[in-house]
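If you read the sequence shown in the UniProt record's numbering, its first letter stands for residue 1, the second for the next number, and so on.
Think of the CB as a built atom: it goes at the ideal place given N, C-alpha and C, for glycine as much as any other residue.
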Amino acid sequence: MSRQIFLIDGQSFYASVEKAAHPEYRDKPVAVGDPARMNGIVLAACPIAKSRGVTTASRVGEAMARCPDLVVIRPRMGTYIQISLLITGIFESYTELVEPYSIDEQFLDVTGSLAYFGVSPKELAARIQQHVLQSTGVWSRVGIGPTKILAKMATDNYAKKEDEGVFELSYDNLESTLWELPVHQMFMVASGMTRHFTRMGLSSIGDIARMDFAEFKRRMRREMGKQSDIQAGYYWQTARGIDPSPVEPGIRRQLKSVSHGKALRWNLYRELKDIEVVLLELVVEVCQRTRRHRFLGSVVSVAAAETDGVRSCWFSRQLTLQQPTSLTHEVAAAALKLFREHWHGLPVSRLSIALSGLTEDNVIQLTLFEDRSRAYRKERTIDAIKMRYGSTAIMRASSLLESGVARERAEQIGGHYK
Numbered sequence: 001m002s003r004q005i006f007l008i009d010g011q012s013f014y015a016s017v018e019k020a021a022h023p024e025y026r027d028k029p030v031a032v033g034d035p036a037r038m039n040g041i042v043l044a045a046c047p048i049a050k051s052r053g054v055t056t057a058s059r060v061g062e063a064m065a066r067c068p069d070l071v072v073i074r075p076r077m078g079t080y081i082q083i084s085l086l087i088t089g090i091f092e093s094y095t096e097l098v099e100p101y102s103i104d105e106q107f108l109d110v111t112g113s114l115a116y117f118g119v120s121p122k123e124l125a126a127r128i129q130q131h132v133l134q135s136t137g138v139w140s141r142v143g144i145g146p147t148k149i150l151a152k153m154a155t156d157n158y159a160k161k162e163d164e165g166v167f168e169l170s171y172d173n174l175e176s177t178l179w180e181l182p183v184h185q186m187f188m189v190a191s192g193m194t195r196h197f198t199r200m201g202l203s204s205i206g207d208i209a210r211m212d213f214a215e216f217k218r219r220m221r222r223e224m225g226k227q228s229d230i231q232a233g234y235y236w237q238t239a240r241g242i243d244p245s246p247v248e249p250g251i252r253r254q255l256k257s258v259s260h261g262k263a264l265r266w267n268l269y270r271e272l273k274d275i276e277v278v279l280l281e282l283v284v285e286v287c288q289r290t291r292r293h294r295f296l297g298s299v300v301s302v303a304a305a306e307t308d309g310v311r312s313c314w315f316s317r318q319l320t321l322q323q324p325t326s327l328t329h330e331v332a333a334a335a336l337k338l339f340r341e342h343w344h345g346l347p348v349s350r351l352s353i354a355l356s357g358l359t360e361d362n363v364i365q366l367t368l369f370e371d372r373s374r375a376y377r378k379e380r381t382i383d384a385i386k387m388r389y390g391s392t393a394i395m396r397a398s399s400l401l402e403s404g405v406a407r408e409r410a411e412q413i414g415g416h417y418k
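Structure (structure tokens):
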């Protein structure tokens, strides 16, 4: 059965939300970033700012140098999440098949909706655009296609460049549209894969799509080895717009691990005593989240990036525990052991902890020398207090040290201010 799928993307999402909240900035260049940190990055820039040379991921100081009248607004991640959920609700008023892809991109299967509303795909797209714009102030771009992969490439390569913000890719127009594009514009083709394709003599998406699959797989093997067969199948199907995956509403994948990481100012984390404060804080967060999902973990992983400004190195190591756990002191003991054994002694610029090998927590292994049931009751009581009063309601004393980051993290979502 032929499907009609939309991939709807919010234009300069964070910046659009801020411009809607600040009408006085309507005709001014706006970027979202931390104005107090010239070395920080720009998370989003409005079209006016982009036209003046401001790019996403550029440094705030560099952006202000290119555009002296740039208005830099501190990010509000909590607000952006709320607006994203509001937009999801709008989409669900048109179809129940809505699958979030990111905070500002969502797939919609409108196959059944078109007959219900009695409109064409482009007419429905325009109706949804206006609904979102009037409700949130965010302009949307809509890619339309018979598969999710084509809808996504229609948005990225065409809809974002169209004045009306809508473009449809179908199997009938692939040869005159998508196949003409350079290969690096194909979905999931980054610089490394582009170099492989270039060495294979494949410069456009059509070069892959028109090739017999057996020949393409043979070239991939010659370029990347026998292990490339799965990649060959994926890229060949992507070039042809083949994607049988359905739009799954509210998709939740099986949790395989729980992790937390933190980027650090390496010049402040030279000594083990300071690094271990952050390590323990990350363990606290990992264990709390694991308990919230009702899991225990049997494998603890520690990863760290080290640098002194000249030399750089990193490591990632894991340790299997004697019994699955989500108790902070048990995970912390393993994490500290791993770090002390594998740290090269350089200042640390990034630190992360993960707990994997997850099993349900309906059975807890008891020991002769410790009341683990009591320990779990204590941790879950602390979890409940934090859930009600905030993550800083109960903190370890070490987090009050200058090296602690727990209070800073409590004010952030995904490393950015709420």
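Top-ranked residue by Cα proximity to residue i, from the options
i, options, result
"arginine 218", "Ala209, Asp207, Ala232", "Ala232"
"isoleucine 48", "Phe315, Val71, Arg37", "Val71"
"leucine 264", "Gly250, Val348, Gly297", "Val348"
"arginine 396", "Met387, Arg407, Arg388", "Arg407"
"isoleucine 90", "Val32, Val132, Arg37", "Val132"
"isoleucine 353", "Phe315, Ser373, Met387", "Phe315"
"glutamine 237", "Leu43, Ser176, Arg222, Ile208", "Ile208"
"glutamate 123", "Ser326, Ser135, Glu164", "Glu164"
"cysteine 313", "Thr320, Ser16, Ala303, Leu321", "Ala303"
"leucine 108", "Glu271, Gln322, Pro249", "Pro249"
"proline 68", "Lys161, Glu18, Thr325, Pro29", "Pro29"
"isoleucine 242", "Val17, Tyr171, Gly201, Leu43", "Tyr171"
"leucine 282", "Lys256, Ala305, Ala332, Asn267", "Ala332"
"proline 254", "Gln288, Ser356, Glu341", "For the record, residue 254 in the displayed sequence is glutamine; it is not proline. Of the listed residues, the one whose Cα sits closest to glutamine 254 is Ser356."
"aspartate 156", "Asn173, Met186, Glu175, Thr325", "Met186"
"asparagine 267", "Arg294, Arg350, Arg210", "Arg350"
"glutamine 288", "Arg66, Val278, His260, Leu174", "His260"
"glutamate 370", "Leu358, Lys386, Glu330, Gly78", "Glu330"
"arginine 37", "Arg66, Pro75, Leu169", "Pro75"
DSSP-derived helix/strand/coil call for residue i
i, result
"glutamine 365", "coil"
"histidine 22", "coil"
"lysine 262", "strand"
"tyrosine 116", "helix"
"glycine 10", "strand"
"proline 100", "strand"
"isoleucine 208", "helix"
"valine 405", "coil"
"isoleucine 242", "coil"
"residue 419", "Since the first and last residues shown for the chain are 1 and 418, residue 419 lies out of range."
"alanine 394", "The amino acid at residue 394 is misidentified as alanine; the sequence shows isoleucine. Coil, per DSSP."
"valine 247", "coil"
Counted within 10 angstroms of its Cβ, other Cβ atoms place residue i as buried (16 or more) or exposed
i, result
"tyrosine 116", "exposed"
"tyrosine 14", "buried"
"proline 23", "exposed"
"arginine 377", "exposed"
"methionine 188", "exposed"
"alanine 151", "buried"
"leucine 368", "exposed"
"threonine 402", "Looking at the sequence provided, one finds glutamate at residue 402 rather than threonine. It counts as exposed."
"alanine 292", "Sequence inspection shows arginine at residue 292; the alanine mentioned does not correspond to that position. The residue in question, arginine 292, is exposed, as its Cβ has fewer than 16 Cβ neighbours within 10 Å."
"arginine 240", "buried"
- Would you list, in sequence order, the uninterrupted beta strand (DSSP E) runs of no fewer than 3 residues that lie entirely inside the region 120–205? 140–145, 166–168, all fully within the region 120–205.
- Query: Where are the alpha helix (DSSP H) runs, 4 residues long or more, that stay fully inside the region 291–379, in chain order?
  - Reply: Correct list: 328–342.
- Counting Cβ pairs closer than 8 Å, one from the region 332–343 and one from the region 360–368, do we hit at least three? Not touching, per the Cβ criterion.
- Identify every run of the alpha helix (DSSP H) within the region 36–112, keeping only runs that are complete inside it and at least 4 residues long; order them along the chain. The region 36–112 contains these whole alpha helix (DSSP H) runs: 47–51, 60–66, 77–92.
- Specify whether the region 88–97 and the region 50–59 touch according to this definition: at least 3 beta carbon pairs, one from each stretch, less than 8 Å apart. Using a Cβ-Cβ distance cut-off of 8 Å, the region 88–97 and the region 50–59 are not in contact, since fewer than three pairs of beta carbons, one from each stretch, lie closer than that value.
- Item | contact_flag[the region 2–17, the region 143–154] where n(CB pairs < 8 Å) is 3 or more | Yes, the region 2–17 touches the region 143–154.
- Taking contact to mean at least 3 C-beta pairs separated by less than 8 Å, is the region 294–313 in contact with the region 375–394? Because the criterion of three Cβ pairs below 8 Å is not met, the region 294–313 and the region 375–394 do not touch.
- Query: For the 8 Å Cβ check, are there 3 or more pairs between the region 21–38 and the region 170–186?
  - Reply: They do not touch, by the three-pair rule.
- Query: Would the region 187–203 and the region 219–229 be scored as touching if the rule is three or more Cβ pairs under 8 Å?
  - Reply: Yes, the region 187–203 touches the region 219–229.
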